[in-house]
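For the record, the sequence lines run as chains A and B.
Just remember that the working numbering sits 10 ahead of the position in the first sequence, which is counted from 1.
Just remember that the working numbering sits 10 ahead of the position in the second sequence, which is counted from 1.
A short write-up of the structure that comes next.
Number of protein chains: 2
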Amino acid sequence: MAETREFLYPSKWLTRASAGDRVACELRMRIIAGIIESGTILSENKIAADFSVSRSPVREALKILASENIIRLERMGAVVIGLTEKEIEEIYDVRLLIESFVFERLVRIDTHDLVMELSKILEMMKVAIRYGDADEFSYQDVLFHETIIRAINHSYMLMIWNNLKPVMESFILLSMRIRFKEKYDDFTRILENHQLYIEAIKTKDRALMIKSLHQNFDDVQGKVEYLWMSQQLLAKGVEQEND
Amino acid sequence: MAETREFLYPSKWLTRASAGDRVACELRMRIIAGIIESGTILSENKIAADFSVSRSPVREALKILASENIIRLERMGAVVIGLTEKEIEEIYDVRLLIESFVFERLVRIDTHDLVMELSKILEMMKVAIRYGDADEFSYQDVLFHETIIRAINHSYMLMIWNNLKPVMESFILLSMRIRFKEKYDDFTRILENHQLYIEAIKTKDRALMIKSLHQNFDDVQGKVEYLWMSQQLLAKGVEQEND
DNA sequence: TTAAGTATACTTGTATACAAGTATTATAAC
DNA sequence: GTTATAATACTTGTATACAAGTATACTTAA
Chain A
11 MAETREFLYP SKWLTRASAG DRVACELRMR IIAGIIESGT ILSENKIAAD FSVSRSPVRE
71 ALKILASENI IRLERMGAVV IGLTEKEIEE IYDVRLLIES FVFERLVRID THDLVMELSK
131 ILEMMKVAIR YGDADEFSYQ DVLFHETIIR AINHSYMLMI WNNLKPVMES FILLSMRIRF
191 KEKYDDFTRI LENHQLYIEA IKTKDRALMI KSLHQNFDDV QGKVEYLWMS QQLLAKGVEQ
251 END
Chain B
11 MAETREFLYP SKWLTRASAG DRVACELRMR IIAGIIESGT ILSENKIAAD FSVSRSPVRE
71 ALKILASENI IRLERMGAVV IGLTEKEIEE IYDVRLLIES FVFERLVRID THDLVMELSK
131 ILEMMKVAIR YGDADEFSYQ DVLFHETIIR AINHSYMLMI WNNLKPVMES FILLSMRIRF
191 KEKYDDFTRI LENHQLYIEA IKTKDRALMI KSLHQNFDDV QGKVEYLWMS QQLLAKGVEQ
251 END
């Protein structure tokens, strides 16, 4: 049987999380992984039954997912939007916009502590790779970019990031899990990109930053295909399970 | 007695709105108007009692306000953040970022319909001024910018806008109400700016767009002082009421 | 008077109940 | 067979109840 798991979202990231958050995280993963196809109409009652919780946390979860633009709350039922190639490109438009803005601020402040912090995270990423831990690697990858954004102390940029983060995280998780199996070599390049990014921040080299930013994103664009692979794999797994 | 109203948020904008939305809109107005001071700790039960609703819609409202960054949900109680000068500048950072991005897309597409739509909204704004309707003017002002953003069909830019919009709207409402009384002349300049903006979109003149964008924002920066006036006025009103 | 423990009055998160509204289906009339 | 009407099985939004946790205040012992 193909590898299938009860829950796609790492359960150890959910300690101290409310039932609403759990439902939101898991639904998000299933939607982005394509297990729940776009166009599907979600019913509060059905989800509540599926997850063995009451409607209260489910309502909360649906509100969260609606604010992330992966479902649309209508008068009756929530319609799944999901992530198409278009949405993924749009997310990277936003990331590029934010991170460019952030860099413009970074060149004007002391980045010593930030560079230290980023180096630490990069080391963590290396360890995660050595131990084949795709989830941990994804976590550190997301944390890397969040740390940069937090450094400029801009609450509304952080707000945008917080809105984008859950979807990003799910997307990265899914694609990294595939790549750890299929394209292990990719990670040397990913690490180099991040090293370059740190270098750009350290030297406040705008050109280098733009270069590494785009390399990072071009690389990530490649991830889209891994999301499709992920969706296909998971779809097969579900089929076999239904036999 | 100074002019005080039971609700700051226009009630006619709340037809068909849920109790949760009503509470969110009103709390938002009170926070931004400074009636509820930053640092205040909000209690679900107390708010529920104040608005004569149950905790369910209040919880919903607090979640919304938290996602807008004007309150912070903590383990016990929600702490009011509010809008300081810093936050207002940050909001305009984001708007500048978004609208610049949007314009870059607009120059590449047919904007005929958009220009028509914007002209219509501008006419509406003029009518609102003639009839001294600050709320209607604010509504059209917000709609003007939303219409521009919607034109490029970018769901994640729209997502950011949707996150920003409620706070913007409240802020504009409060400052326009003051300006309608104190600085009626301002509006000819505001209208000119919007006309310039339309012109920039029509001719796809990047330089003109940047100019009108900045004029608009510089003008809006001036609004900050009107927010303080608004806060002072309302504070006085409350004091007198408490006598 | 101070320190530690205990009671109490809050808090949040979840479950459940219910009213009001909306699609869908079945039934009746033509 | 088609259309209009009524019954039904859903839906959402709100109220309420309760369990579990947390801060505050109050006791009690030193």
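For every residue, glycine included, the Cβ atom is placed at its ideal position computed from N, Cα and C.
Here the structure is a predicted model, which means the values were calculated and not measured.
Whose CA, out of E114(A), T213(A), R32(A), lies closest to the CA of M167(A)? E114(A)
For S77(B), go through chain A and note every residue whose CB falls closer than 7 Å to its CB, in chain order. S77
Here's a check: name, in chain order, each residue in its chain whose Cβ is nearer than 6 Å to the Cβ of E127(B), leaving out the five neighbours to either side. T157
Whose CA, out of A59(B), G87(B), S185(B), lies closest to the CA of D145(B)? S185(B)
Given A88(A), which residues of its chain have a CB within under 6 Å of its CB, disregarding the five upstream and five downstream residues? L52, L72, I81
Assigned exposure category for T213(B) - 16 Cβ within 10 Å defines buried: exposed
Run through DSSP, which three-state label would Y19(B) get? coil
When you compare only the Cα positions, how much space is there between H164(A) and A34(A)? 27 Å
A217(A) (DSSP reduced to helix, strand or coil): helix
What three-state label does DSSP hand L93(A) in the structure shown? coil
Could one say the Cβ of E114(B) lies closer than 8 Å to chain A's Cβ atoms, at least one of them? no
Hey, does H164(B) have any beta-carbon neighbour from chain A nearer than 8 Å? yes
Neighbouring residues, chain B, relative to E100(A) (Cβ below 8 Å): H164, S165, Y166, M167
Do you know how far the Cα of K175(B) is from the Cα of E100(A)? 20 Å
Between which residues of its own chain and D253(A) is the CB-CB distance below 8 Å, once the five residues before and five after are set aside? The pLDDT assigned to D253(A) is 39, lower than 50, so where the model puts this residue is not dependable, and the model offers no usable value.
Neighbour list for F61(B) in chain A, Cβ cutoff strictly below 7 Å: Those within 7 Å of F61(B) in chain A number zero; the least Cβ separation is about 19 Å.
Rounded to a whole number of angstroms, what is the C-alpha to C-alpha distance between L132(A) and T94(A)? 30 Å
Roughly how many angstroms separate the alpha carbons of G92(A) and S77(A), rounded to a whole number? 13 Å
Between V177(A) and R38(A), how many whole angstroms is the CB-CB distance? I'm expecting something under 8 Å. 7 Å
Could you give the first and the last residue of the continuous alpha helix (DSSP H) run that contains I81(B)? I81(B) -> not in any alpha helix (DSSP H); beta strand (DSSP E) instead, spanning 81 to 83.
From E179(B), Y19(B), Y194(B), I108(B), pick the residue whose C-alpha is nearest to that of G142(B); which is it? Y194(B)
State the CB to CB distance for the pair V63(B) and E54(B), rounded to an integer number of angstroms; the pair is presumed to be in contact (CB under 8 Å). With a Cβ gap of about 11 Å, V63(B) and E54(B) do not count as contacting.
Could you name the residues that DSSP lists as bridge partners for A88(A)? L52(A), L83(A)
Taking buried to mean at least 16 other C-beta atoms within 10 Å of its own C-beta, is F147(B) buried or exposed? buried
Please confirm whether I211(B) and L124(B) have their CB atoms less than 8 Å apart. yes
Quick one: which chain A residues come within Cβ less than 8 Å of N55(B)? Near N55(B) there are no residues of chain A at all, since even the closest Cβ is about 17 Å away, more than 8 Å.
Can you pull the chain A residues whose beta carbon is under 8 Å from the beta carbon of R97(B), in chain order? Note on identity: in this sequence residue 97(B) is Glu, with Arg being the wrong assignment. Those are S165, Y166, listed as they occur along chain A.
Answer yes or no: does any C-beta atom of chain A fall closer than 8 Å to that of I80(B)? no
Check this for me: beta carbons of V117(A) and R216(A), under 8 Å apart or not? yes
C-alpha gap between V205(A) and S110(B), whole angstroms: Reading the sequence as shown, one finds Gln at residue 205(A) and not Val. Spanning the two alpha carbons is a distance of roughly 30 Å.
So, is the C-beta of K73(A) closer than 8 Å to a C-beta in chain B? yes
Alpha carbon of D228(A) to alpha carbon of S222(A), nearest angstrom: 10 Å
Can you give me the start and stop residues for the alpha helix (DSSP H) that D195(A) sits inside? D195(A) -> no alpha helix (DSSP H), and no H or E assigned at all.
Taking F281(B) as the query, report the chain A residues whose CB atoms sit under 8 Å from its CB, ordered along the chain. Since the first residue shown for chain B is 11 and the last is 253, residue 281(B) is missing from the structure and cannot be characterised.
Is H164(A) helix, strand or coil when you go by DSSP? coil
Name the chain B residues that come within less than 9 Å of I200(A), Cβ to Cβ? The premise fails here: I200(A) is roughly 24 Å from chain B at the closest Cβ pair, so nothing lies under 9 Å.
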